[in-house]
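**Q** Quick one: the structure is below, and I'll ask about it shortly.
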């Protein structure tokens with residue numbers, strides 16, 4: 007193993023910690039790159055911050071799309087790592103609970119803060135075993151229940167990571183549907199005349215036991231239409247994790263799972279979600295959907311879906327999950343027409359709305375008032391428990407919203 011170059015002070019050690027922060031933020035840096043960075047800094051000197059920044063950038067970053075993440079990690083790390091970690095851990099819950107006045111952080115900045123925040127939770131090597139056991143014991147059942155019932159928008163980065171881990175374990179089983187075709191079955195209730203005659207021909211015209219048949223079954227297809235506008239940004243990210251879980255869930259009972267995003271345009275993200283690694287899948291989704299955190303044109307998006315994809319993915323009667331808050335900025339007439347066509351084309355239209363987290367929710371927005379009469383059921387999707395209860399909701403009879411009488 008090659009020894010580290012001799013440097014003044016703790017510069018080499020700080021560069022190693024900085025490389026670890028880059029790895030946590032998603033930039034893969036190996037030992038060879040770290041050694042090159044230390045040697046390059048030693049050769050170039052540490053006179054100006056800009057030269058130090060460019061030296062590390064040239065030795066630790068290999069792809070142009072990682073430049074923004076590197077910039078955010080560098081800016082946060084080289085101020086004061088220990089002080090910054092404490093500030094991030096104390097301020098993140100406050101920033102997450104602020105209203106619409108606080109803009110969402112960029113993806114690179116969020117990943118940089120998460121990387122530095124995770125580093126602050128690692129136990130020190132000299133920590134006594136008794137103290138570590140006490141820290142582990144703090145994660146009790148009550149805290150798990152609080153996390154499952156906590157709103158996604160009120161979660162810190164660590165809580166969101168725990169929620170994502172819980173979402174990855176959720177299952178949404180689907181019962182197969184009966185078709186018009188029949189197949190031979192020993193538990194069937196109808197006689198199978200064709201098989202009876204075929205068996206009789208083999209025996210010279212003698213009839214044997216009366217065979218039975220039962221209807222064939224096939225799995226249902228699932229289509230997810232997710233709103234990715236600015237008001238749905240936090241929930242949309244969680245829904246992408248949930249949708250990726252549905253795509254890769256073993257023995258879920260679904261046939262084909264199709265995913266679409268709705269913002270200022272409609273984007274088919276089915277191929278992106280079929281990547282096995284969730285990080286690669288979400289990165290591909292962000293690349294395919296350029297209108298992330300943009301405006302909302304539900305009517306135009308549903309028109310594009312009905313025109314280009316409806317016959318292809320809804321041909322055999324699929325279940326459609328419509329994930330949106332219903333805050334339409336376009337024309338309500340288009341939304342009314344296209345949503346009605348969608349409800350007639352699918353087997354069941356289920357609306358997931360994070361605004362149902364409010365007890366006094368009422369359909370006052372024009373888009374909400376338009377969609378409510380056209381859906382088969384209406385459910386919340388603002389926390390882990392609401393997603394876990396979706397399985398039971400889909401297995402029951404269609405349930406119209408309780409406040410539909412107000413329209």
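Residue numbers (the working numbering): 7 to 413. Idealized CB from N, CA, C, for every residue including glycine.
Nearest CA to the CA of residue 217: which residue from 210, 194, 29 and 174?
**A** Considering only alpha carbons, the answer is 194.
**Q** Take the Cβ of residue 23 as the centre, count every other Cβ of all protein chains shown within 10 Å, and call the residue buried at 16 or more, exposed below.
**A** Flag for residue 23 reads exposed.
**Q** Roughly how many angstroms separate the alpha carbons of residue 286 and residue 294, rounded to a whole number?
**A** For residue 286 and residue 294, the distance between alpha carbons rounds to 12 Å.
**Q** Can you name the residues that DSSP bridges to residue 232?
**A** Residue 232 is bridged to 267 and 329.
**Q** Applying the 10 Å Cβ sphere with the 16-neighbour rule, what's the burial state of residue 211?
**A** Label assigned to residue 211: exposed.
**Q** Residue range of the beta strand (DSSP E) that residue 384 falls in?
**A** Here the beta strand (DSSP E) through residue 384 covers 383–385.
**Q** For residue 197, which residues of its own chain have a beta-carbon under 6 Å away from its beta-carbon, when the five flanking residues on both sides are left out?
**A** The residues are 216.
**Q** In whole angstroms, give me the CA-to-CA distance for residue 254 and residue 280.
**A** Their backbone Cα atoms lie some 8 Å apart in a straight line.
**Q** Is the stretch 156–176 touching the stretch 328–338, taking contact as three or more C-beta pairs under 8 Å?
**A** No: the two stretches stay apart, fewer than three of their Cβ pairs being nearer than 8 Å.
**Q** Given residue 250, which residues of its chain have a CB within under 7 Å of its CB, disregarding the five upstream and five downstream residues?
**A** So the qualifying residues of the chain are 279, 284 and 287.
**Q** Out of curiosity, what's the CA-to-CA distance linking residue 291 and residue 268?
**A** Going from the Cα of residue 291 to the Cα of residue 268 covers about 12 Å.
**Q** Please name the residue in 306, 222 and 227 whose C-alpha comes closest to that of residue 494.
**A** Nothing about residue 494 can be read from this structure; the chain reaches only from 7 to 413.
**Q** So, do the stretch 182–193 and the stretch 385–401 have three or more beta carbon pairs nearer to each other than 8 Å?
**A** No, the stretch 182–193 does not touch the stretch 385–401.
**Q** What ranges does the alpha helix (DSSP H) occupy inside the stretch 16–41, keeping only unbroken runs of at least 4 residues that lie completely in it?
**A** Counting only runs of 4 or more, we get 17–30.
**Q** Output yes or no for whether 8 Å exceeds the beta carbon distance between residue 263 and residue 272.
**A** No, these two residues do not count as a Cβ contact at 8 Å.
**Q** Quick check on the DSSP output: what are the complete alpha helix (DSSP H) runs of length 4 or more inside the stretch 209–263, in order along the chain?
**A** Listed in chain order, they are 239–254.
**Q** Considering only their Cβ atoms, is the gap separating residue 341 from residue 308 smaller than 8 Å?
**A** For residue 308 and residue 341, yes; Cβs fall inside 8 Å.
**Q** With DSSP as the reference, identify every bridge partner of residue 378, one or two as the case may be.
**A** Beta-bridge pairing links residue 378 to no other residue.
**Q** Would DSSP call residue 319 helix, strand or coil?
**A** Helix at residue 319.
**Q** At which residue ranges does the stretch 333–378 contain complete alpha helix (DSSP H) runs of 4 or more residues, listed in the order of the chain?
**A** Within the stretch 333–378, the complete alpha helix (DSSP H) runs of at least 4 residues are 338–351 and 372–377.
**Q** Looking at residue 349: is its Cβ nearer than 8 Å to the Cβ of residue 355?
**A** Contact flag set, yes.
**Q** Are residue 331 and residue 237 closer than 8 Å when you measure CB to CB?
**A** Yes, the pair counts as a contact, with Cβ atoms nearer than the cut-off.
**Q** Expressed to the nearest angstrom, what Euclidean distance is found between the alpha-carbon atoms of residue 200 and residue 261?
**A** Approximately 30 Å, taken between the alpha carbons.
**Q** In terms of alpha-carbon separation, which member of 182, 18 and 247 lies closest to residue 389?
**A** When each option's Cα is compared against that of residue 389, the closest is 247.
**Q** With DSSP collapsed to three states, give me the class of residue 466.
**A** This structure leaves residue 466 out entirely; the chain is present only between 7 and 413.
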